[in-house]
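J.: In UniProt numbering, the protein residues as written are 1 to 691.
I'd like to ask some things about the structure below.
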Amino acid sequence: MGSISHVITTNPTLPHLPFTRSTGLRFSCFNPRLLPLPSTRVAGKVGVFAEVSSPSRTTSGIDFSDPDWKTKFQQDWEARFRLPHLTDIFPDAPPIPSTFCLKMRTSIDRDFPGHYSSYEDWHGYINNNDRVLLKTIYYSSPTSAGAECIDPDCTWVEQWVHRAGPREKIYYKPEEVKAAIVTCGGLCPGLNDVIRQIVITLEIYGVKNIVGIPFGYRGFSDKELTEVPLSRKVVQNIHLSGGSLLGVSRGGPAVSDIVDSLEERGINVLFVLGGNGTHAGANAIHHECCKRRLKVSVIGVPKTIDNDILLMDKTFGFDTAVEEAQRAINSAYIEAHSAYHGIGVVKLMGRSSGFIAMQASLSSGQVDICLIPEVPFNFHGPHGVLSHLKFLLETKGSAVVCVAEGAGQNLLQKTNATDASGNVVLGDIGVYIQQEIKKYFKEIGIHADVKYIDPTYMIRAIRANASDGILCTVLGQNAVHGAFAGYSGITVGVCNTHYAYFPIPEVISHPRLVDPNSRMWHRCLTSTEQLLGRNWGKLATYPTPANIAVVKEFYTNARKIGDYPAEDYLGYVRGHAIRYDPDSINSFLGTPAASRELHSSPYPPSSSLSLTVFSFRPCIVSFLCTIFLSAPEKKTFLLGGGYLLPASPNREAFGCVLLGCFRVHLPRCYPSSPITFCFCWNTSLLDAAGK
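Next up, the structure:
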């Protein structure tokens, strides 16, 4: 398609902040303390960043050294987010009273307590000056977790979008409206829900001439495809099934041909359901209509299960896709858990954004490794996926990998092929992972039973769940309200739980991405217990030989963590796997009582402890450690101020550790696994006392 598939130019006002990336499974953490003070992140939703390299650098034409920069920034924001309106082309277009109203009926023949008569009209109109804030959190410092700042000082500046809803004055007479609906791109749960609600709301306004354009933009030029008449009767039950009543397709004719078709058909209100590319086409259609001075409103409704539309909380279909992905992940987990050395691999959608894989992994609680396009990784080598899978098989006996389709494309053979929308055809990362896992474990002589599940199209071809159903219904209603209010070249979405209108260019400048420095990604890593800058397998398998120098180095580095917030530990602590005997450590630390207690305990005199620091969680101020006990008897140890409560003879830990104000429940371990617990580093490396 000519102009529809044109390159979407990046909005210069919303450049990216380069992610802090690393190789292997060492997912680096963004550390604002390590950057020059003026550098920070700029406002927007997740994935919308800008870089401020110096106080004099401008963003959106604003010079932060200017005392009035805040006022100028807000003026610039007002201009950017102003909604295009029919009066921009037709300043004399007369508004008329809205025909949208709902009757309030009651079986009780008396007035409502709120002074509404039982048959009085209720309108619920929205004032044109109503705004929805894009940012609701006041960040006091750019170093605060998840901080999104305009300037280096993180000054609070109001950023808003226009509230969606019915207006008291409208700019179309319902009897003169011919409305058309078109669905483009791929399928998405909820398409039929949106179509249904657009039709119903149009009829409430009084519109009788409603049609559907079959198979996306193609339907405007293909003479074999005819309009589909739509009415409440036609769409009444379409939301009970997935797919699209109108069909979908990618690509299409040139913009000029589409606008020619609109003129020929007499269509003056067009609703476009699609993703970034489809919205780029809708914006081009809007500008072509303005160029020709046509009184046509073009309204977008974002459709993508990838959730990669800027500024919005989420897009319809995303919740349903994540929910359906649970079935695939659960199946992979059962297959892996039921097999000897089982590994389940699940590939989910996510060309450039890993939201589905991240949220599905976070919600399932069954994923051990989550791979997304935004975070590069190594597959081979000591810090690679395969090495970590080996460790998981040795410690857990099974593993589940969830990968987004766009992840790890650098590992695959490049291709210049593109689809009808102009997107580069991706290599199959799922098949690659499956084959490489089998090859690796065969070469090292370890049995691995690999099961690969690809539910890619299954998760998008289903009926919308309740959450998406509500979202689709309100989006459809507000799309119609926006058209009758006289707006064009806009799209509707949810911002901070409120429905709002956005100028299309502001949401299509680039895809919304998962921020590797965000709290949500860290929550996912905490849930999967994925590597956070450490190599569990290497540390657990190849411990450093015991000696006082190693212990002293470890102790010295560990003490430094008090100077940094928890999320910055990974960059400052260089932990070692340490084997030591109680006497040598107690001698170094000056804790002889611990040795006496140990040797008077039921443990044999030759018994020793093996301490291995192999990971830590950035969300709590503690290390995640292991203690290897050489005897099966129940025992309690005092460790840096925290108590390890009795464990059962087969080392299945049901106790917990009391860490001052922290009370961390221990996971159930396999019989061959060490007991796991958390402790806060105190003034000594180890205080052990038999209880």
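Ideal Cβ positions, reconstructed from N, Cα and C, are used throughout, including at glycine.
Start and end of the alpha helix (DSSP H) containing residue 754?
T.: Outside the displayed range of the chain (1 to 691) lies residue 754, so it cannot be described from this structure.
J.: Taking buried to mean at least 16 other C-beta atoms within 10 Å of its own C-beta, is Glu288 buried or exposed?
T.: buried
J.: Note the first and the last residue of the continuous beta strand (DSSP E) segment covering Cys154.
T.: It is not in any beta strand (DSSP E) - Cys154 carries neither H nor E in the DSSP assignment.
J.: Hey, Val367 and Ile329 are a contact pair by Cβ (cut 8 angstroms); roughly how many whole angstroms apart?
T.: That belief holds up - the Cβ atoms of Val367 and Ile329 are roughly 6 angstroms apart, short of 8 angstroms.
J.: Counting pairs of Cβ atoms below 8 angstroms between the stretch 277–294 and the stretch 501–509, do you hit three or more?
T.: yes
J.: Going by C-alpha to C-alpha distance, which of Glu175, Asp68, Leu273 and Gly354 sits closest to Cys472?
T.: Per the Cα distances, Leu273.
J.: Near Phe271, what residues of its chain come up, given a Cβ to Cβ distance below 6 angstroms and the 5 sequence neighbours on each side ignored?
T.: Ile181, Ile198, Ile299 and Ala479
J.: Looking at the unbroken alpha helix (DSSP H) that takes in Ala325, where does it start and where does it end?
T.: Phe318 to Ser338
J.: According to DSSP, is Leu471 helix, strand or coil?
T.: helix
J.: Give me the Cα-Cα distance between Leu245 and Val235, rounded to the nearest whole angstrom.
T.: The alpha-carbon atoms of Leu245 and Val235 are separated by roughly 9 angstroms.
J.: Since Val403 contacts Ala357 with CB under 8 angstroms, what's their CB separation in whole angstroms?
T.: 7 angstroms
J.: With respect to the alpha helix (DSSP H) encompassing Cys524, which residues constitute its N-terminal and C-terminal limits?
T.: For Cys524, the enclosing alpha helix (DSSP H) has its first and last residue at Arg519 to Thr528.
J.: With a threshold of 8 angstroms on Cβ separation, who are the neighbours of Asn209 within its own chain once the five nearest residues in sequence on each side are excluded?
T.: Val177, Lys178 and Ala179
J.: Can you look up Ser144 in the DSSP assignment and give me helix, strand or coil?
T.: It is coil, neither helix nor strand.
J.: In three-state terms, what does DSSP make of residue 692?
T.: Residue 692 lies beyond the stretch modelled for the chain, which goes from 1 to 691, so this question has no answer here.
J.: Name the DSSP bridge partner or partners of Cys495?
T.: His498
J.: Which one of Trp69, Asn496 and Arg218 has the shortest CA to CA distance from Ala254?
T.: Arg218
J.: Under three-state DSSP, which class holds Val301?
T.: It is a strand residue.
J.: According to DSSP, is His447 helix, strand or coil?
T.: Three-state result, His447: coil.
J.: Just reading off the beta strand (DSSP E) that Val132 is part of, what are its end residues?
T.: Arg131 to Leu133
J.: Along the chain, where does the beta strand (DSSP E) that runs through residue 729 open and close?
T.: Any question about residue 729 goes unanswered here, given that the chain covers just 1 to 691.
J.: Could you give the distance in angstroms between the alpha-carbon of Ile258 and the alpha-carbon of Gly427?
T.: 33 angstroms
J.: Less than 8 angstroms between the C-beta atoms of residue 695 and Gly493, yes or no?
T.: In this structure the chain extends from 1 to 691, so residue 695 is not present and cannot be described.
J.: Buried or exposed: where does Leu25 fall if 16 or more other Cβ atoms within 10 Å of its Cβ makes it buried?
T.: Confidence is the limiting factor: at Leu25 the pLDDT is only 40, short of 50, which leaves the residue's position unreliable, though a coordinate-based value still follows. With 16 or more Cβ atoms within 10 Å of its Cβ, Leu25 is classed as buried.
J.: Measure the CB-CB distance between Ser488 and His286 and report whether it falls below 8 angstroms.
T.: yes
J.: Look at the alpha carbon of Gly247 and the alpha carbon of Gly190, and state the distance between them as a whole number of angstroms.
T.: 13 angstroms
J.: Would you grab the beta carbon distance between Pro229 and Val207 for me? Rounded to a whole angstrom, and I think it's under 8 angstroms.
T.: Incorrect: roughly 13 angstroms between the Cβ atoms, too far for contact.
J.: Per DSSP, which one or two residues make a beta bridge with His85?
T.: Answer is Tyr487, bridged to His85.
J.: Out of curiosity, what's the CA-to-CA distance linking Leu392 and Gln530?
T.: 10 angstroms
J.: What does DSSP give as the partner residue(s) for Thr418 in the beta ladder?
T.: DSSP lists Val424 as partners of Thr418.
J.: By the three-class DSSP mapping on this structure, what secondary structure does Arg163 have?
T.: strand
J.: Do Lys347 and Glu405 have their CB atoms nearer than 8 angstroms?
T.: yes
J.: Can you tell me whether Ile296 is buried or exposed? The criterion is at least 16 other CB atoms within 10 Å of its CB, across all chains shown.
T.: At residue 296 the sequence reads Val, which differs from the Ile that was named. Buried: at least 16 other Cβ atoms inside 10 Å.
J.: Should Pro632 go down as buried or exposed, given a rule of 16 or more other Cβ atoms within 10 Å for buried?
T.: Residue placement at Pro632 is flagged as unreliable, the pLDDT there being 34, under the threshold of 50; the coordinate-derived value follows with that caveat. Result: exposed.
J.: Taking the C-alpha atoms as reference points, what is the distance between Pro152 and Pro142?
T.: 7 angstroms
J.: Using a threshold of 8 angstroms, state whether the C-beta atoms of Trp156 and Tyr138 are closer than that.
T.: yes
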